Amino acid sequence: MFKLLKFKASKQTRIISFLLVGGLIVLAKTFSGAGSAPAPTTNAPLSEQLGEIAGHFKQAAALVNDLSNAAEKTQVTVARVVDGDTFIDNEDNRYRIAFIDAPESKQAFGTEAANFLNALIEGKSVTIENLYKDKHGRIVAKVYLGGVDIAEILVEFGYAWNQAKIYDAEKNYSDKLEALEASAKENKAGLWGLKNVESPFEFRKNSLEIKKIGALKELLSDEGKYGESKINQ
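Residue numbers for the sequence shown follow this note's numbering, beginning at -17 and rising by one.
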């Protein structure tokens, strides 16, 4: 299993980052009008959800800009969002956001997830903490905008599944994503407001089975036609 790269930040930087993300969650709760409830529901317009976090991004950016090189990270500009957890930078590098799984493009809520990520990061400069390359050649990485972890935002607002335990993330980070997902489920935020929720893994598995069945039917059909042609001869 893959481990997170060690974050070589000063104690001050780590504390500030924690407060920023924590403040973002509180801000989202407050503006959503749900009191202690963490996340907006599927009925909340995208513009309204983005408005809840825009102010905090500005505050985070101002503080992060004052910090010196706290960790081994790079800045890239997002040229295009591919789907709810994948994007391409302006040098044609393809990135996959680590520790989450967003709905596939052809899956229920796939378009909404892609639109949300697009509204958050397209055309913007984001900070990348590279972890590894997957079998598709994508750079799997933690992604930050203005010091805020994008994976946490996607899970918090119900646009992605938490996959931290599966990919052996550090316990504190795994626990945080797990808590955010639990809150999103409880509040039926984003995809959790759907009547039938299917994980991307299940969707891919079912799609593969359908393809196999289709291929088998086509093969049997071709063999039947071949048998008929031999009889007619």
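The beta-carbon is built from N, C-alpha and C at its ideal position, and this holds for glycine as well. Since the structure is predicted, the reported quantities are computational estimates derived from the model, not experimental observations.
Presumed contact (8 Å Cβ cut-off) between A96 and V63, rounded CB distance: Here the question's residue 96 lines up with position 114 in the sequence shown. Here the question's residue 63 lines up with position 81 in the sequence shown. Contact holds; Cβ gap of about 6 Å.
Could you work out which residue in V137, N75 and S165 is closest to N112 when comparing CA atoms only? The residue you call residue 112 lines up with position 130 of the sequence shown. Out of V137, N75 and S165, N75 has the C-alpha closest to the C-alpha of N112.
What did DSSP end up calling A123 once you bin it into helix, strand or coil? On the sequence shown, position 141 is the one that residue 123 refers to. Residue state, collapsed to three classes: strand.
Nearest residue (CA-CA) to G140, options A90, I110, A123 and Y149: Here residue 140 corresponds to residue number 158 of the sequence shown, with the count starting at 1. Residue A90 is the option with its Cα nearest to G140.
In the DSSP output, what is S107 paired with across the bridge? Along the sequence shown, one-based indexing puts residue 107 at 125. In the DSSP output, where bridge partners are listed per residue, S107 has T59.
CA-CA distance, K147 and S156? Counting from 1 along the sequence shown, the entry for residue 147 is found at position 165. Counting from 1 along the sequence shown, the entry for residue 156 is found at position 174. K147 and S156: Cα-Cα distance of roughly 6 Å.
Where the beta strand (DSSP E) through Y77 begins and ends: Taking the first residue of the sequence shown as 1, we reach residue 77 at position 95. Segment R76 to I79, the beta strand (DSSP E) holding Y77.
Does I148 come out as helix, strand or coil in the three-state DSSP assignment? Against the sequence shown, residue 148 aligns to sequence position 166. Correct three-state label for I148: coil.
Ordered along the chain, which non-local residues of its own chain (more than five positions away) have a Cβ less than 8 Å from that of Q57? Residue 57 sits at position 75 when you count from the first residue of the sequence shown. Within the same chain, Q57 has close Cβ partners S107, V108, T109 and I110.
Identify, in the order they occur along the chain, each residue of the same chain with its Cβ nearer than 8 Å to the Cβ of K55, setting aside the five sequence neighbours on each side. Along the sequence shown, read from residue 1 onward, the residue named residue 55 stands at position 73. Hits under 8 Å: T109, I110, E111 and Y126.
Distance, L32 Cα to F98 Cα: Counting from 1 along the sequence shown, the entry for residue 98 is found at position 116. Counting from 1 along the sequence shown, the entry for residue 32 is found at position 50. Approximately 8 Å, taken between the alpha carbons.
Start-to-end residues for the beta strand (DSSP E) that takes in D71: Looking up residue 71 in the sequence shown gives position 89. Looking at the DSSP string, the run of the beta strand (DSSP E) that includes D71 is T68 to D71.
According to DSSP, simplified to helix, strand and coil, what is Y155? Against the sequence shown, residue 155 aligns to sequence position 173. Residue state, collapsed to three classes: helix.
Could you please give the first and the last residue of the uninterrupted alpha helix (DSSP H) stretch that includes E134? The residue labelled residue 134 in the question sits at position 152 within the sequence shown. Where E134 is concerned, the enclosing alpha helix (DSSP H) stretches over I132 to E138.
Kindly indicate which residue of F81, Y77 and D67 has the alpha-carbon position closest to the one of K158. Within the sequence shown, the letter at position 176 stands for residue 158. Nearest of F81, Y77 and D67 to K158, Cα basis: F81.
I'd like the list of long-range same chain contacts for L136, defined as Cβ closer than 8 Å, with 5 residues on each side in sequence excluded. Position 154 of the sequence shown holds residue 136. Counting only Cβ-Cβ distances below 8 Å, and skipping sequence neighbours, we find G66, D67, I79, I82, A84, A95, F98, L99 and A142.
E134: which of A166, E73, S181 and T59 sits nearest, CA to CA? Within the sequence shown, the letter at position 152 stands for residue 134. Closest by alpha carbon: A166.
Alpha-carbon spacing of N178 relative to K124, whole angstroms: Locating residue 178 in the sequence shown gives position 196, where the first residue counts as 1. Locating residue 124 in the sequence shown gives position 142, where the first residue counts as 1. Distance between the alpha carbons of N178 and K124 is about 29 Å.
Rounding to the nearest angstrom, what Cα-Cα distance links A52 and D131 in this structure? As a working note, residue 52 is residue 70 in the sequence shown. As a working note, residue 131 is residue 149 in the sequence shown. Unreliable positioning characterises A52 in this predicted model, as indicated by a pLDDT of 47, which lies under 50. A coordinate reading is not provided.
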